[in-house]
Amino acid sequence: MRFHEVVHGVYFDDLDVFGVLHNARYPLLLERTIGDFWKRMGWGGLAELERNPDQFHLVRVNHLEYIQAVEGLDEVRVRIWVEKLGTTSLTFAFSVLPTDQDTVFAKGYRVLVCVDPENRRPKPWSTDFRAQLEPYRSDLA
9 MRFHEVVHGV
19 YFDDLDVFGV
29 LHNARYPLLL
39 ERTIGDFWKR
49 MGWGGLAELE
59 RNPDQFHLVR
69 VNHLEYIQAV
79 EGLDEVRVRI
89 WVEKLGTTSL
99 TFAFSVLPTD
109 QDTVFAKGYR
119 VLVCVDPENR
129 RPKPWSTDFR
139 AQLEPYRSDL
149 A
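Counting from 9, one number per residue, gives the positions in the sequence shown under my numbering.
Listed below in structure tokens is the structure:
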């Protein structure tokens with residue numbers, strides 16, 4: 009199983025009053041990592057629904073567990089992979105790690121649902137999309 013990983017800087021304005029990465033920054037780092045993943049999959053920055061209808065999806069769940077604090081100005085890696093691909097849903101698992109070891113600072117998952125843009129109801133992911141995600145799926149390993 010493959011994963012996708014992005015290194016992010018931790019800057020002064022990312023820290024709380026204790027010099028620790030603020031809890032609200034973790035979802036932002038996840039969002040940026042998933043955005044980078046979509047870019048690698050050939051998606052542009054803005055939705056191109058005519059060319060790629062799978063881009064119309066909504067977040068159903070964000071779940072995050074903080075394991076160990078990220079202290080001070082630094083860099084972290086955010087690693088994502090596909091934990092499960094259902095008919096209409098997709099679960100990305102993720103972990104936040106230091107750059108020099110595999111100690112987990114935080115972990116969690118995000119569930120996306122593919123949605124029809126006209127009626128806003130769940131719809132199945134396309135066959136092409138499913139094939140593109142296959143190497144990243146841990147549920148097939």
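Using N, Cα and C, we set each Cβ at its ideal position, and we do this for glycine too. Fair warning: this is a prediction, and the values are worked out from it, not measured in the lab.
Write down every uninterrupted run of the alpha helix (DSSP H) in the region 27-72 whose length is 4 residues or greater and which is fully enclosed by it, in chain order. The qualifying runs are 33-48.
Which class does Pro125 belong to by DSSP, given the choice of helix, strand or coil? coil
Cβ pair count under 8 Å reaching 3, the region 126-137 against the region 96-107: Here the region 126-137 makes contact with the region 96-107; the two share three or more CB pairs at distances below 8 Å.
What is the rounded straight-line gap between the Cα of Asn70 and the Cα of Arg129? 20 Å
Would you call the region 27-41 in contact with the region 75-88, where contact means no fewer than 3 C-beta pairs closer than 8 Å? yes
Paired residues, beta bridge with Ile75 - DSSP: BP columns for Ile75 are empty, so no partner.
Please classify Ala114: is it buried, with 16 or more other beta-carbons within 10 angstroms of its beta-carbon, or exposed? buried
For Asp22: DSSP bridge partner residues: Note: Asp22 sits in no beta bridge, so no partner.
Exposed or buried, which one is Lys131 when buried takes at least 16 other CB atoms within 10 Å? Lys131 is classed as buried because its beta carbon has at least 16 other beta carbons within 10 Å across all chains shown.
Contact defined as beta carbons within less than 8 Å: I believe Leu38 pairs with Arg118. What is the distance between those atoms, to the nearest angstrom? 7 Å
Coarse secondary structure for Leu120, derived from DSSP in three states: Three-state DSSP puts Leu120 in a strand.
DSSP puts Thr92 in a beta bridge; with which residues? The sequence shown places Lys at residue 92, not Thr. Note: Lys92 sits in a beta bridge opposite Thr99.
Where Val15 and Val84 are concerned, what is the direct C-alpha to C-alpha distance, given to the nearest angstrom? 6 Å
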